[in-house]
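Have a look at the structure below, then the notes.
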Amino acid sequence: MNYENEHIANTYQRLPINVLNGNGAILHDINGKRYIDMMGGYGVAILGYGNNKIKEAVCRQFDTIPVAHASEYTASREEFVKNLTGIVPAGLDKFYLGNTGAEAIEAAIKTVIKSSKKHKIIAMTNSYHGKTAGALSITYSEKYRQSFGDILMKNVEFIRYNNMEDLEKIERDDEISAVFFEPVQGEGGINIPDRDYVKELRQITENNGIILVADEIQSGLGRTGKMWAHEHFGIKPDIITIGKGIGGGLPLSIAAGKPEFMDNLAKGEQSSTTGGNPLSMAAGSAVIEQLSQSLIDDVARKGELFRKTLSESLDDSKIVKEIRGLGLMDAIELKVKFLPILMDIINRGVLPLYSGINILRMLPPYVITDSEIQEAANIMSQGIKSHSKKVVGSTTPP
Ligand SMILES: Cc1ncc(COP(=O)(O)O)c(C=O)c1O
Numbered sequence: 003m004n005y006e007n008e009h010i011a012n013t014y015q016r017l018p019i020n021v022l023n024g025n026g027a028i029l030h031d032i033n034g035k036r037y038i039d040m041m042g043g044y045g046v047a048i049l050g051y052g053n054n055k056i057k058e059a060v061c062r063q064f065d066t067i068p069v070a071h072a073s074e075y076t077a078s079r080e081e082f083v084k085n086l087t088g089i090v091p092a093g094l095d096k097f098y099l100g101n102t103g104a105e106a107i108e109a110a111i112k113t114v115i116k117s118s119k120k121h122k123i124i125a126m127t128n129s130y131h132g133k134t135a136g137a138l139s140i141t142y143s144e145k146y147r148q149s150f151g152d153i154l155m156k157n158v159e160f161i162r163y164n165n166m167e168d169l170e171k172i173e174r175d176d177e178i179s180a181v182f183f184e185p186v187q188g189e190g191g192i193n194i195p196d197r198d199y200v201k202e203l204r205q206i207t208e209n210n211g212i213i214l215v216a217d218e219i220q221s222g223l224g225r226t227g228k229m230w231a232h233e234h235f236g237i238k239p240d241i242i243t244i245g246k247g248i249g250g251g252l253p254l255s256i257a258a259g260k261p262e263f264m265d266n267l268a269k270g271e272q273s274s275t276t277g278g279n280p281l282s283m284a285a286g287s288a289v290i291e292q293l294s295q296s297l298i299d300d301v302a303r304k305g306e307l308f309r310k311t312l313s314e315s316l317d318d319s320k321i322v323k324e325i326r327g328l329g330l331m332d333a334i335e336l337k338v339k340f341l342p343i344l345m346d347i348i349n350r351g352v353l354p355l356y357s358g359i360n361i362l363r364m365l366p367p368y369v370i371t372d373s374e375i376q377e378a379a380n381i382m383s384q385g386i387k388s389h390s391k392k393v394v395g396s397t398t399p400p
C-alpha cells in the first residue's frame with residue numbers, strides 16, 4: 003500500500019480496501035474480511051471473480067500465441083470478431099478494437115469527423131466518456147476539464163440530457179457531425195432518459211444526417227437487463243462503443259458501427275500496439291459465449307429484487323431522495339454527501355461505487371446471488387439509516 007501511494011500518480015480516489023482474492027460477487031481483503039462487491043471493479047467483473055471459462059481461454063491462448071500485432075492475422079481475433087458480430091445490433095458490424103473505453107471513444111470521434119466532414123460534436127450534460135483529450139472534450143464535468151481547456155476540442159456543444167427543447171438546437175444547426183450520448187448515464191449518477199426523448203433524438207439525427215453514437219461502455223453487455231441499453235428505447239444508433247466487461251478483466255474496447263462510417267478511417271489514422279491482442283480476444287470470446295439471454299434476463303430480475311429490498315428497508319429514511327436503476331445499474335440518491343455513509347457501508351462489508359457528491363452507485367457482477375443481493379441491500383440500508391439521525395458534516399467528496 004505504501005509503495006502504491008508513494009510511486010503511483012495520485013489520480014485516483016483510494017478506498018480503504020486491499021483486495022486479496024474473489025469468487026463470484028464476493029471479495030476478500032488481505033485480512034480475510036469478506037465484502038459483497040457492488041462495484042465490480044467499476045463494472046468490469048460482469049461474470050464475477052474466478053470465472054473458469056475466461057481463465058482457461060486466456061491460459062490456452064497464452065500457450066498458443068500470446069502476442070500478435072493487428073498487422074498480423076490470427077485465429078483468436080478472427081473468432082472474437084465472429085462472436086462479436088453475433089451480439090452487436092444488426093448492421094453495426096465493422097469494428098475498431100482498442101484497449102480502454104476512452105480509446106474506443108477516440109476512434110468514434112475520428113470516425114464521425116471523417117464520415118461527415120464536419121467538426122461539431124454534440125454531447126450531453128452530465129456525460130462521461132473518458133479522460134483522453136478527445137473523450138474529455140465530450141465529458142461534461144468541469145472538475146475533470148478545468149485544467150485542460152487549451153487542449154480540448156473546441157467544436158463541442160453540450161445540450162441538456164433528456165431535454166426535448168434542446169433537441170431543436172440540433173435541428174437548426176447544419177454543422178453537426180454527430181451526437182454522443184449514454185443511453186443510461188453512469189458516472190452522471192444513473193440517469194435514465196424518457197423513451198420519447200430518445201426516440202425523438204434518433205428521429206432528429208436521422209432526418210438531419212447526423213451520426214448517433216451510443217456510448218454503451220458502462221450500460222452495455224447486459225448490464226441494464228438487455229444486451230444494449232438503447233434497446234429499452236426502441237432505437238438503433240449508428241455507432242456504439244463497448245468496454246469494461248467485454249475483456250473479462252483484460253483491457254479490451256470496441257467502436258462498432260455501420261461499415262459506411264467505420265470504413266472512412268484510413269490506414270494509420272487510428273491504431274494501438276495492443277489493440278486486438280490475442281489474450282484479450284480469447285477472454286472476450288469467453289465472455290460473449292457466457293452472455294446468454296437467460297443471464298441477461300436474470301440481470302433485470304436481480305436489479306428489481308435489489309431495488310425492492312432497498313425500498314422496503316429504506317422506506318422511512320429521511321436522507322434518501324430516490325432509488326433508481328435499470329437491471330444491475332443502480333443508484334441511491336441521498337439528500338446528504340455520500341462519503342461518510344460510503345465508508346460506513348464498506349466497513350460493514352459491502353463495496354459500492356459512487357457518483358457526484360450524493361449518489362451511491364452499484365454495478366455488481368451479474369452472477370451475484372439473490373441472497374447476496376438481499377444481504378447487500380440490507381447492509382446498505384443499515385449504513386444509511388445509521389446516518390439518518392446524524393447531521394452529516396461537510397466532507398470532501400472523491
Ligand atoms: C460511459 C463511459 N464511457 C467511457 C468510459 C471510459 O472508459 P475507460 O475508463 O475504460 O477509458 C467510461 C468509464 O467509466 C464510461 O462509463
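Numbering-wise (the working numbering), the sequence shown opens with residue 3 and increments by one. In this text, a Cβ means the ideal position worked out from N, Cα and C, and glycines have one as well. Note that the coordinates shown come from a computational prediction; the quantities given were computed from them, not determined experimentally.
Fill in: Stretch-stretch touch, CB-based, cutoff 8 Å, three pairs: the stretch 215 to 222 with the stretch 241 to 248
yes
Item to complete: Check Ser179 in the structure and name its three-state DSSP category.
Response: strand
Practice prompt. Could you check how far apart the C-beta atoms of Ser143 and Pro185 are, in whole angstroms? I think they sit under 8 Å.
Written response: No, Ser143 and Pro185 are not in contact; Cβ-Cβ is about 19 Å, not under 8 Å.
Worksheet item: Should Glu80 go down as buried or exposed, given a rule of 16 or more other Cβ atoms within 10 Å for buried?
Response: exposed
Practice prompt. Consider the C-beta atom of Tyr419 and the heavy atoms of ligand 1; say whether any pair is separated by less than 8 Å.
Written response: A query on residue 419 cannot be resolved here, the shown segment of the chain reaching from 3 to 400 and no further.
Fill in: Euclidean distance between Cα positions of Ala257 and Asp318
44 Å
Item to complete: Flag His234 as yes when its Cβ comes closer than 8 Å to any non-hydrogen atom of ligand 1, and as no otherwise.
Response: no
Practice prompt. Give the single residue among Glu208, Asp65, Ile172, Asp39 whose Cα lies nearest to the Cα of Phe158.
Written response: The sequence given here places Val at residue 158; Phe does not occur at that position. Residue Ile172 is the option with its Cα nearest to Val158.
Fill in: Own chain residues within Cβ distance below 7 Å of Ile381, not counting five before or after
Ile347, Arg350, Gly351, Val352
Practice prompt. Could you check the C-alpha separation between Thr397 and Val338 for me, to the nearest Å?
Written response: Model confidence at Thr397 stands at a pLDDT of 44, short of 50, so the residue's coordinates are unreliable; what they give is reported in the following sentence. So the alpha carbons of these two residues sit roughly 10 Å apart.
Fill in: Contact set for Val114: own chain, Cβ-Cβ below 6 Å, skip 5 residues either direction
Ser179, Ala180, Ile213
Worksheet entry | Exposure label - Tyr356; buried when at least 16 CB within 10 Å | buried
Worksheet entry | Run of the beta strand (DSSP E) containing Arg363, from where it starts to where it stops | 361 to 364
Practice prompt. Would you kindly check if the distance between the Cβ of Pro253 and the Cβ of Asp39 is under 9 Å?
Written response: no
Item to complete: Starting from Val301, trace the alpha helix (DSSP H) both ways and give me its first and last residue.
Response: 295 to 315
Worksheet item: So does Gly250 have its beta carbon nearer than 8 Å to some heavy atom of ligand 1?
Response: no
Item to complete: Run the CB neighbour count on Glu271, radius 10 Å, all protein chains shown included, and call it buried at 16 or more, exposed below.
Response: exposed
Practice prompt. Mind checking which residues open and close the beta strand (DSSP E) that includes Val60?
Written response: Where Val60 is concerned, there is no enclosing beta strand (DSSP E), although the alpha helix (DSSP H) it sits in stretches over 54 to 66.
Worksheet item: Going by beta carbon distance, what residues of the same chain come within less than 6 Å of Val200, once the five residues before and after it are set aside?
Response: Phe235, Ile237
Item to complete: Check the Cβ-Cβ distances between Ser357 and every residue of chain B, and say whether any is below 9 Å.
Response: Chain labels in this structure do not include chain B; a single protein chain is all it has.
Worksheet item: To the nearest whole angstrom, what separates the beta carbons of Ala59 and Ser287, a pair I think is in contact under 8 Å?
Response: 7 Å
Worksheet item: Quick one: what's got a C-beta closer than 7 Å to Gly259's C-beta in the same chain, skipping five residues either side?
Response: Leu94, Lys96, Thr113, Asp240, Ile241
Worksheet item: Does DSSP put Ile123 in a helix, a strand or coil?
Response: strand
Practice prompt. Just the C-alpha distance for Ile370 and Lys122, rounded to the nearest angstrom, thanks.
Written response: 42 Å
Discussion item. Just verifying my parser: in three-state terms, what is the DSSP assignment at His131?
Written reply: coil
Discussion item. Using a Cβ-based criterion (distance less than 8 Å to any ligand heavy atom), does Ala137 qualify as near ligand 1?
Written reply: yes
Practice prompt. Evaluate the contact criterion for the stretch 384 to 392 versus the stretch 315 to 329: three or more CB pairs, one atom per stretch, below 8 Å.
Written response: yes
Worksheet item: Looking at C-alpha atoms only, which residue of Leu203, Pro91, Leu29, Lys57 is the closest neighbour of Pro261?
Response: Pro91
Item to complete: On the DSSP bridge assignment, give the partners of Arg326 in chain order.
Response: Ala333
Discussion item. With H, G and I counted as helix, E and B as strand and the rest as coil, what does DSSP make of Ser149?
Written reply: helix
Worksheet item: Ends of the beta strand (DSSP E) at Asp265?
Response: Per DSSP, Asp265 belongs to no beta strand (DSSP E) and is neither H nor E.
Item to complete: Label Gly395 either buried or exposed according to how many other C-beta atoms from any shown protein chain fall within 10 Å of its C-beta, with 16 as the threshold for buried.
Response: Only weak support exists for where Gly395 lies, its pLDDT of 47 falling under 50; the value from the coordinates is given anyway. Counting Cβ neighbours within 10 Å, Gly395 comes out exposed, since fewer than 16 surround it.
Worksheet item: In terms of alpha-carbon separation, which member of Cys61, Glu177, Asn101, Val21 lies closest to Asn210?
Response: Glu177
Practice prompt. State the start and end residues of the unbroken beta strand (DSSP E) segment that holds Gly100.
Written response: 96 to 100
Discussion item. Since Gly103 and Ser255 should fall inside the 8 Å C-beta cutoff, what is the C-beta to C-beta distance between them, to a whole number of angstroms?
Written reply: 5 Å
Worksheet item: In three-state DSSP terms, what is Met158?
Response: Note on identity: in this sequence residue 158 is Val, with Met being the wrong assignment. Three-state DSSP puts Val158 in a strand.
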